[in-house]
Amino acid sequence: MGRLGSTRWTWAALTKRGGVLEIWGYRELIGRLVQRELGSRYKRSVLGWLWSMLNPAATLAIYALVFGVLLKFDPPRAGNGRFDNFALYLFCALVMWNAFYGVITGAMSALLDLGSLLGKVYFPPEAPAVAALLTVLFQAAIEASILMLILICLVNVSWTFLLWPVLLVFLSIFALGIGLMLSVWNVRYRDVGYLSTIVLQFLFYVTPIVYPLSLIPERAMGLPVRDIIRLNPLSQFTEASRELLYGLDWPGVLRLGLMALISLAVGAGGWLMFKVRTRDIAEEL
Amino acid sequence: MGENAVVVEGVSKRFRLTLDRPLSLKEAWTGLRPGSGRSFRRVRSEPFWALRDISLEVPRGSMYGLVGRNGSGKSTMLRVMAGIYRPTEGRVEIQGRTSALLELGAGFHPALSGRENIYLNASVLGVPKSQIDDRVEQIVEFAGLEEFIDSPVKIYSSGMYVRLGFAVAVHVDPEILIVDEVVAVGDEEFQLRCFSHLESLRSQGVTIVLVSHDLGMLRANCDQMAWLNRGLLAAVGDPQDVVNAYLDTIDTEGAASVGHRPRSDIEGETPLRITNLEFFDGAGHRPKSFASGDPLVVRIHYSASEPVEDPVFSLGFYDHNNLHLAGPRSHADGFRPGKVDGEGWVEFRLLRIPFRSGAFHVNAAVQDSDASFLYDRRAREFWLQISGEPDPQANGLLNLEGDWRAGA
Numbered sequence: 000m001g002r003l004g005s006t007r008w009t010w011a012a013l014t015k016r017g018g019v020l021e022i023w024g025y026r027e028l029i030g031r032l033v034q035r036e037l038g039s040r041y042k043r044s045v046l047g048w049l050w051s052m053l054n055p056a057a058t059l060a061i062y063a064l065v066f067g068v069l070l071k072f073d074p075p076r077a078g079n080g081r082f083d084n085f086a087l088y089l090f091c092a093l094v095m096w097n098a099f100y101g102v103i104t105g106a107m108s109a110l111l112d113l114g115s116l117l118g119k120v121y122f123p124p125e126a127p128a129v130a131a132l133l134t135v136l137f138q139a140a141i142e143a144s145i146l147m148l149i150l151i152c153l154v155n156v157s158w159t160f161l162l163w164p165v166l167l168v169f170l171s172i173f174a175l176g177i178g179l180m181l182s183v184w185n186v187r188y189r190d191v192g193y194l195s196t197i198v199l200q201f202l203f204y205v206t207p208i209v210y211p212l213s214l215i216p217e218r219a220m221g222l223p224v225r226d227i228i229r230l231n232p233l234s235q236f237t238e239a240s241r242e243l244l245y246g247l248d249w250p251g252v253l254r255l256g257l258m259a260l261i262s263l264a265v266g267a268g269g270w271l272m273f274k275v276r277t278r279d280i281a282e283e284l
Numbered sequence: 000m001g002e003n004a005v006v007v008e009g010v011s012k013r014f015r016l017t018l019d020r021p022l023s024l025k026e027a028w029t030g031l032r033p034g035s036g037r038s039f040r041r042v043r044s045e046p047f048w049a050l051r052d053i054s055l056e057v058p059r060g061s062m063y064g065l066v067g068r069n070g071s072g073k074s075t076m077l078r079v080m081a082g083i084y085r086p087t088e089g090r091v092e093i094q095g096r097t098s099a100l101l102e103l104g105a106g107f108h109p110a111l112s113g114r115e116n117i118y119l120n121a122s123v124l125g126v127p128k129s130q131i132d133d134r135v136e137q138i139v140e141f142a143g144l145e146e147f148i149d150s151p152v153k154i155y156s157s158g159m160y161v162r163l164g165f166a167v168a169v170h171v172d173p174e175i176l177i178v179d180e181v182v183a184v185g186d187e188e189f190q191l192r193c194f195s196h197l198e199s200l201r202s203q204g205v206t207i208v209l210v211s212h213d214l215g216m217l218r219a220n221c222d223q224m225a226w227l228n229r230g231l232l233a234a235v236g237d238p239q240d241v242v243n244a245y246l247d248t249i250d251t252e253g254a255a256s257v258g259h260r261p262r263s264d265i266e267g268e269t270p271l272r273i274t275n276l277e278f279f280d281g282a283g284h285r286p287k288s289f290a291s292g293d294p295l296v297v298r299i300h301y302s303a304s305e306p307v308e309d310p311v312f313s314l315g316f317y318d319h320n321n322l323h324l325a326g327p328r329s330h331a332d333g334f335r336p337g338k339v340d341g342e343g344w345v346e347f348r349l350l351r352i353p354f355r356s357g358a359f360h361v362n363a364a365v366q367d368s369d370a371s372f373l374y375d376r377r378a379r380e381f382w383l384q385i386s387g388e389p390d391p392q393a394n395g396l397l398n399l400e401g402d403w404r405a406g407a
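Structural data, given as structure tokens:
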């Protein structure tokens, strides 16, 4: 029963069948799944891969129009002190959010989608989720390169850019942990899927993405709202992303360390829980 | 590397019958069964033991057969061996790369093309892409799917599914191959090809575990067999013994039910019934099994509710594949029982049993004197065991008592 508990923590023990990191032996499968996902994407569309850029561009344009132009949210000045631009300020946070959202929804649908195979052949049940994560990271990389390219053209560039991929890795670990947890619950209770759509929608607005954190009043309804929003781990990621790319600022070792700690804890916790809860998943799907 | 490819030690598997499983969070939280009137009762799940304390050893490079009736736990056993189900108790040790063909569409994703599924399957089994690149054409050819290989597998017929599944499973260089009774779906020609392929895999040292209802095929090909009965290991070992033991229960259970109510093909009232069939040897004993070449007496017990004039008794001998081997009839053999009334029996005597070893079923029928009306018939109910080592030199079902001569 307590296979996970009794495992010795050597590489061989962790990667053997049923081990916590057995996924390592299934690299080929994950590569195949990613290839399948990317290959089938935008099939039968005229613009094809252009959609992977048009989609975020359209979202960005809408938010920029509504919140930047109509509601006149004021962005701070960019790191080089020469301009301010709401769309770019927004984009820096939106990339993070898109990755977070993509990993969570991707992990949930991947398990349901490929789960039927688990009754016929053995493979680690986290493989589809990991493949979904890599697919999302691919998309995030496209978005981020466009963003960085624009910023470089505006001569708003610094060494801080180099830290951004690290931030993305932490965010993916954080999101994967949550996504794995939700996906295994979602197999048993489909409510989880519906519920998380709502929660994610709410989360989008309590995270400083379409607005700067400074716009939130210190206190409202007798609550320290700004501090509450700041405590949301996701806010840390979006804010840090803005600081690195837009403000050209170092977030500080303490904050980075805290983000690393939180994401590693959530990621490892979600992963372990998933491994324990999916030991009999073939019977449930 | 041990001697055994698969070791199953004291494995039990419990399923929860999921009918009452809570399906939404609300139910899970409150534990209420919706509409059940009774409040504050936990939704319960009934445990069901599909396997109980099974221990098996499958020697490396052998062919291992599993028999049992439907629902006896065979498929669960295979899934546990393949690592898809986790045993509730006990442990399974597998040494070698395992390829499993467990049901229709062995691990296929319906939306992907046949070719993509080949790659997906191969990667699931841990076969590198470079290796499968060389094999794809072989697989497609074996499955006979040249035209359809780039169409999504959801449009495939069940036969195509099975052919592709089998082709992939055997072409990924498995060390252990686990096959459920799936190949039975393919046509005869494909089945033949499957078996000859299994045979050649075995000769290459692949360990094969298979489930089948074709007892003759299993007995002829397996090195060892196990018989599962309602989740318990009923017999294990030599295929001959296991098949005989398995057939034995079919026989006794059949006979037991005869004791309560007569089973026959004829429903309702009939003046003449066959009540039992007994097999005696030359000394008047009723052995469990006979040897080829022994004398045999088949006694047909009847019960007539009114006098019947000169009925025709007949027997039918069939092998396990339902092939009709012989059908002696009393009138044709020049025997007339005269008027029968009440209880009695007639016998058919054979000096030497011509059948080679195996299990044969014997049907009995009784008709009126000009064979135009069937009074009663008992089919697939009485089994005749012919034991003995299958002689590898001898082929066929029958011993023909001829002799050979030479001339020039």
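Listed in order, the protein sequences are those of chains A and B. Note that numbering that gives the first Met the number 0 has the first sequence beginning at 0, numbered continuously upward. Note that numbering that gives the first Met the number 0 has the second sequence beginning at 0, numbered continuously upward. By construction, the Cβ of each residue, glycine as well, lies at the ideal position given by its N, Cα and C atoms.
Exercise for the section: Examine the Cβ distances between the segment 142-150 of chain B and the segment 106-120 of chain B and report whether three or more of them are shorter than 8 Å. Expected result: Taking a cut-off of 8 Å for Cβ pairs, the segment 142-150 of chain B and the segment 106-120 of chain B touch, as three or more such pairs fall below it.
Practice task
Determine the burial state of C91(A): buried for a count of at least 16 other Cβ atoms within 10 Å of its Cβ, exposed for fewer.
Solution key: Position 92 of the first sequence holds residue 91(A). Under this definition C91(A) is a buried residue.
Problem - Short CB-CB distance (under 9 Å) between Y155(B) and chain A - result: Within the second sequence, numbered from 1, the residue matching residue 155(B) stands at position 156. Among the CB atoms of chain A, none fall inside 9 Å of the CB of Y155(B).
Handout entry: Classification of M76(B) by the beta-carbon crowding that lies within 10 angstroms, buried from 16 upward
Key = The residue labelled residue 76(B) in the question sits at position 77 within the second sequence. It counts as buried.
Handout entry: Proximity of I385(B) and P294(B) at Cβ, strictly below 9 Å
Key = In the second sequence, residue 385(B) corresponds to position 386, counting from 1. In the second sequence, residue 294(B) corresponds to position 295, counting from 1. Not a contact, by the Cβ cut-off of 9 Å.
Problem - Contact residues within the segment 179-193 of chain A, judged by C-beta distance below 7 Å to chain B - result: Within the segment 179-193 of chain A, those residues whose Cβ lies closer than 7 Å to any Cβ of chain B are, in chain order, Y188 and D190.
Exercise for the section: Please check if any C-beta of chain A sits within less than 9 Å of the C-beta of S302(B). Expected result: Taking the first residue of the second sequence as position 1, residue 302(B) is located at position 303. For S302(B), the answer is no, since every Cβ of chain A falls outside 9 Å of its Cβ.
Handout entry: Residue from L119(B), F312(B), V161(B) and A99(B) whose Cα sits closest to the Cα of T206(B)
Key = Working through the second sequence from its first residue, we reach residue 206(B) at position 207. Closest by alpha carbon: A99(B).
Exercise for the section: Starting from F14(B), find everything on chain A with Cβ-Cβ shorter than 8 Å and list it in chain order. Expected result: As a first step, residue 14(B) must be located in the second sequence, where it is residue number 15. Contact note: F14(B) reaches chain A through E282, using a C-beta cutoff of 8 Å and chain order.
Practice task
Would you kindly check if the distance between the Cβ of L50(B) and the Cβ of V411(B) is under 9 Å?
Solution key: Because residue 411(B) is not part of the residues shown, which for chain B are 0 to 407, the question remains open.
Practice task
Return the first residue and the last residue of the alpha helix (DSSP H) that R26(A) is part of.
Solution key: Against the first sequence, residue 26(A) aligns to sequence position 27. Residues R26 to S39.
Practice task
Decide if the segment 101-115 of chain A is in contact with the segment 166-176 of chain A; the criterion is three or more beta carbon pairs, one per stretch, under 8 Å apart.
Solution key: Touching, yes, given that three or more Cβ pairs across the two stretches are closer than 8 Å.
Practice task
Establish whether the CB of L28(A) and some CB of chain B are separated by less than 9 Å.
Solution key: Locating residue 28(A) in the first sequence gives position 29, where the first residue counts as 1. It does: the Cβ of L28(A) has a partner Cβ on chain B nearer than 9 Å.
Problem - Beta-carbon proximity list for T14(A), same chain, < 7 Å, skipping 5 on both sides - result: Counted from its first residue, the first sequence places residue 14(A) at position 15. L20, E21, W23 and G24, listed in sequence order.
Exercise for the section: Please report the Cβ distance between G82(B) and D52(B), rounded to the nearest whole angstrom; I am assuming they are in contact, meaning their Cβ atoms lie under 8 Å. Expected result: Position 83 of the second sequence, counted from the first residue, corresponds to residue 82(B). Position 53 of the second sequence, counted from the first residue, corresponds to residue 52(B). Actually they are not in contact, since the Cβ atoms of G82(B) and D52(B) sit about 20 Å apart, beyond 8 Å.
Handout entry: Three-state secondary structure (DSSP) of Y121(A)
Key = For this step, residue 121(A) is matched to residue 122 along the first sequence. In the three-state scheme derived from DSSP, where H, G and I count as helix and E and B as strand, Y121(A) is classed as coil.
Problem - Three-state secondary structure (DSSP) of R59(B) - result: Locating residue 59(B) in the second sequence gives position 60, where the first residue counts as 1. The answer is coil: DSSP assigns R59(B) none of H, G, I, E or B.
Handout entry: First and last residue of the uninterrupted beta strand (DSSP E) at T97(B)
Key = Here residue 97(B) is taken as the residue at index 98 of the second sequence, counted from 1. Per DSSP, T97(B) belongs to the beta strand (DSSP E) from T97 to L100.
Handout entry: Cα-Cα separation, G78(A) to Y245(A)
Key = For this step, residue 78(A) is matched to residue 79 along the first sequence. For this step, residue 245(A) is matched to residue 246 along the first sequence. In a straight line, the C-alpha of G78(A) is about 6 Å away from that of Y245(A).
Practice task
Pull up the DSSP beta-bridge partners for Q366(B), would you.
Solution key: For this step, residue 366(B) is matched to residue 367 along the second sequence. DSSP, once it has assigned bridges, lists V311(B) and L373(B) as partnering Q366(B).
Exercise for the section: For V135(A), I'd like the list of residues in its chain whose CB is within less than 7 Å of its CB, leaving aside the five on either flank, ordered along the chain. Expected result: Residue 135(A) sits at position 136 when you count from the first residue of the first sequence. Counting only Cβ-Cβ distances below 7 Å, and skipping sequence neighbours, we find A98, G101, V102 and G105.
Practice task
Would you identify the three-state DSSP class for W96(A), choosing helix, strand or coil?
Solution key: For the purposes of this step, residue 96(A) is taken as residue 97 along the first sequence, with counting starting at 1. W96(A): helix per DSSP, three-state reduction.
Problem - Within chain B, the residues that L116(A) reaches when beta carbons sit closer than 7 Å - result: Start at 1 with the first residue of the first sequence, and residue 116(A) comes out as number 117. Neighbours of L116(A) on chain B, chain order: G106 and H108.
Practice task
List the residues that DSSP assigns as beta-bridge partners of N3(B).
Solution key: Taking the first residue of the second sequence as position 1, residue 3(B) is located at position 4. According to DSSP, N3(B) bridges with P58(B).
Problem - Alpha carbon of G158(B) to alpha carbon of N362(B), nearest angstrom - result: Numbered from its first residue, the second sequence carries residue 158(B) at position 159. Numbered from its first residue, the second sequence carries residue 362(B) at position 363. Near 34 Å, if we compare the C-alpha coordinates of N362(B) and G158(B).
Handout entry: Collapsed DSSP secondary structure at S291(B) in the structure displayed
Key = Start at 1 with the first residue of the second sequence, and residue 291(B) comes out as number 292. Coil at S291(B), not helix or strand.
Practice task
Evaluate I151(A) with the Cβ neighbour count: other Cβ atoms within 10 Å of its Cβ, from every protein chain shown; 16 or more gives buried, anything less gives exposed.
Solution key: Here residue 151(A) refers to the residue found at position 152 when the first sequence is read from its first residue. Exposed, because fewer than 16 other Cβ atoms sit within 10 Å of the Cβ of I151(A).
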